[in-house]
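One structure is given here, and the rest of the page talks about it.
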Amino acid sequence: MAMQAEWQPRGESGAWSRSVFGVNGREGLSKCGKCKQAYYCNVECQREDWPMHKLECSAMCAYGENWCPSETVRLVARIILKQKCQTERTPSERVLTLRELEAHLDKLDNEKNEMNDTDIAALHHFYSRHLDFPDNAALTELFAQVNCNGFTIEDEELSHLGSAVFPDVALMNHSCSPNVIVTYKGTVAEVRAVQDISPEEEIFNSYIDLLYPTEDRIERLRDSYFFTCDCKECTSRSKDKAKMEIRQKLSSPPEEEEIKQMVMYARNVIEEFRRAKHYKTPSELLEICELSLEKMGSIFAETNVYMLHMMYQAMGVCLYMQDWDGAMKYGEKIIQPYSVHYPPYSLNVASMYLKLGRLYLGLEKRTQGVKALKKALAIMDVAHGKDHPYIAEIKKEMEEQK
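Just so we're aligned: 126 in full-length UniProt numbering is position 126 of the sequence shown, and the numbers increase by one with no gaps anywhere.
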């Protein structure tokens, strides 16, 4: 099943190429000759986006370096323009229109209401010369609809590309053991089964990262989507023990209170790191990872999901710093526990095999590289489909090793 949507690329780029080993992300891309900030795969891609890009192009030129609306603000601006220009249903609204999506306005706390107000102010600031807006009540509802029903667009390594709204795809309910996976081909969302599905059986997507234990997942779903999950995985908590593995061969098992305190520390350091990414240097970020891993490692096993979370962050910092050996070291620790903790055909597992495979090849570890890429392909053939451009790209990388 495929659905097309209105979507907003991250930053200024419509799309870009990248590599673990630092290829220039904008190399070979088409660029808007006027604002020189929007980049596209090719001229055709650029031409198709012009009806939307012209909304921003003049503003980008006028504001220059001060052009900084958030991704959500840009997406909402595009939605407003599209609703004014196109009165009939879009291809992604065959069942449900965007206006019919849940907003959950009555469930928004003060913090979320303040964020909505900030986004509305930014929308007026950056777009008021080029776009007529509905009233503030309608804007508040639209931002709430986008925040609650939006999709994050990611590439094959789960690097963030942009945000989108697919009203029909948003109809799917959540499960922590989903029977379908949503992937993307350009501006089209594709839904594929990853379990056998009987006629009349409901299809379930996952709204969140499924690495974490039940309590964390339930809290995240309540906070972002305003419901309490009662799926089979949440009621059985079958993976929680493995996800919260305690270090073996300690002189004495830790007390329950010690474990609880360490979990609180882990959650706090995860939040601290998320904020620190906006202002600390890569070296400082890596130090946060290493110190937290050392502290958590006094109680948690390396397969514990909180340890894995910080290892993943450390791997990302190493990649940014071009410390390929460091990134490989963390990736090798992550991959097997990921395969246990995530459901079958997980994109998180596929992306980790892919990153490791490309690291191995870059470090001239050909046999290990090809083996890791094959494992990524085994998942992606099902999740993305055998005809996806990512599949062809990876197969080409493997062919070049012969």
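Here a beta-carbon is modelled for each residue, glycine too, at the ideal position from N, C-alpha and C.
For S283, three-class secondary structure by DSSP: Here S283 sits in helix by DSSP.
Inter-residue Cα distance where the pair is E102 and S236: C-alpha separation (whole angstroms): 29 Å.
Uninterrupted alpha helix (DSSP H) stretches inside the UniProt domain "SET" (83-208) (no shorter than 4 residues): Correct list: 110-127 and 136-149.
CA nearest to the CA of Q322, picked from P343, S283 and L291: Considering only alpha carbons, the answer is S283.
Nearest-angstrom beta carbon gap, I181 and V165 [assumed within contact, 8 Å]: About 19 Å separates the two Cβ atoms, so there is no contact after all.
Per DSSP, the bridge partner or partners of I246: Under DSSP, the beta-bridge partners assigned to I246 are F300.
Selected residue, minimal CA-CA separation from N147, among M172, D168 and L108: Closest option to N147, Cα to Cα, is L108.
Residue 403 burial status per 10 Å Cβ neighbour count (16 or more: buried): Residue 403 falls outside the range modelled here, since the chain spans only 1 to 402, and no answer is possible.
Backbone CA spacing between L161 and I153 [nearest angstrom]: C-alpha separation (whole angstroms): 5 Å.
K31 (DSSP reduced to helix, strand or coil): Strand at K31.
Cα-Cα separation, A121 to L131: So the alpha carbons of these two residues sit roughly 14 Å apart.
Rounded C-alpha distance that separates P254 from W324: Straight across, the Cα-Cα distance linking P254 with W324 is about 35 Å.
I218 vs M172 beta-carbon contact at 8 Å: Annotated as distal: I218 and M172, with beta-carbon spacing of 8 Å or more.
Simplified DSSP state of Y40, which is helix, strand or coil: Strand.
First and last residue of the uninterrupted alpha helix (DSSP H) at D387: According to the DSSP assignment, D387 belongs to no alpha helix (DSSP H), since it is labelled neither H nor E.
For M346, the three-state DSSP class (helix, strand or coil): In the sequence as displayed, the identity of residue 346 is Ser instead of Met. Here DSSP, grouped into helix, strand and coil, assigns S346 to coil.
Span separating the alpha-carbon of Y330 from that of Q86: Rounded to the nearest whole angstrom, the C-alpha separation of Y330 and Q86 is 49 Å.
Coil, strand or helix - W50 by DSSP: For W50, the three-state secondary structure derived from DSSP is helix.
C68 (DSSP reduced to helix, strand or coil): In the structure shown, C68 sits in coil (DSSP, three-state: anything other than H, G, I, E or B).
Spatial distance of R220 from I208 (CA atoms): Their backbone Cα atoms lie some 8 Å apart in a straight line.
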